[in-house]
Amino acid sequence: MLKYFCPDFRIKSLYDLSPKWLKRNGYNKIVVDVDNTMIPYDKTVVGPRMMTWIRHMHQQGINVALITNNGGDRMKAISRQTQLGCVMRAMKPLPTSYKKIVQGMGGGKILFIGDQLLTDVLGAKFAGHPVVWCQSLGGPEHWITRFNRKIEKFIANRLISSGRMPKERVL
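Here the working numbering = 1-based position in the sequence shown + 28.
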């Protein structure tokens, strides 16, 4: 059961994920969770450092797309600002939206990145894709996320104590 919550890789932030590592490991497509992975949950504008990271990925031949359980004008604005495709109201961890985004990207070897074990990691695992667990950016969170974090902490501790949780590193 715990295997569905165990990420394949673990990083501190998106900035620890390099195009060189992605290419060396056969990935030219990544799907990034938005809230508290890419930008804080309460922000509507993507910062210049993240915009530079996105541009760098594209310049190096890495196709980036977004996935989120949220929707509405905020998410449309973020998708427009970043010029990235975005699956909104994804209902993670259900695999339907993962399949939709994979089809939209033309299939192939795609790496998913997110900050929650119970949505991002579990959803990618259900859909049969590798996943990177990223530390949350912190700050305000939806009440459901705050509840999930308590369960997530328990699961993470079990994975760590069993030796199954990958060590956090720069990729």
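Glycine residues also receive a C-beta, built at the ideal position from the N, C-alpha and C atoms.
Computed from a predicted structure; not experimentally measured.
| Hey, K128 and V115 are a contact pair by Cβ (cut 8 Å); roughly how many whole angstroms apart? | Yes, they are in contact, since the Cβ atoms of K128 and V115 sit about 6 Å apart, within 8 Å.
Does the distance from the C-beta atom of V62 to that of I138 stay below 9 Å?
No, they are not a contact pair.
| If you draw a straight line from the alpha carbon of H157 to that of F140, how long is it in whole angstroms? | Cα to Cα, H157 sits roughly 7 Å from F140.
(Q) Do K57 and V92 have their beta-carbon atoms positioned less than 9 Å apart in this structure? (A) For V92 and K57, yes; Cβs fall inside 9 Å.
- Under the three-state reduction of DSSP, which class applies to A118: helix, strand or coil? Looking at A118 - three-state DSSP - the assignment turns out to be coil, as it is neither helix nor strand.
Rounded separation between N97 and G142 - CA only: Cα to Cα, N97 sits roughly 12 Å from G142.
Start and end of the beta strand (DSSP E) containing G166?
-> Bounds of any beta strand (DSSP E) do not take in G166, whose DSSP letter is neither H nor E.
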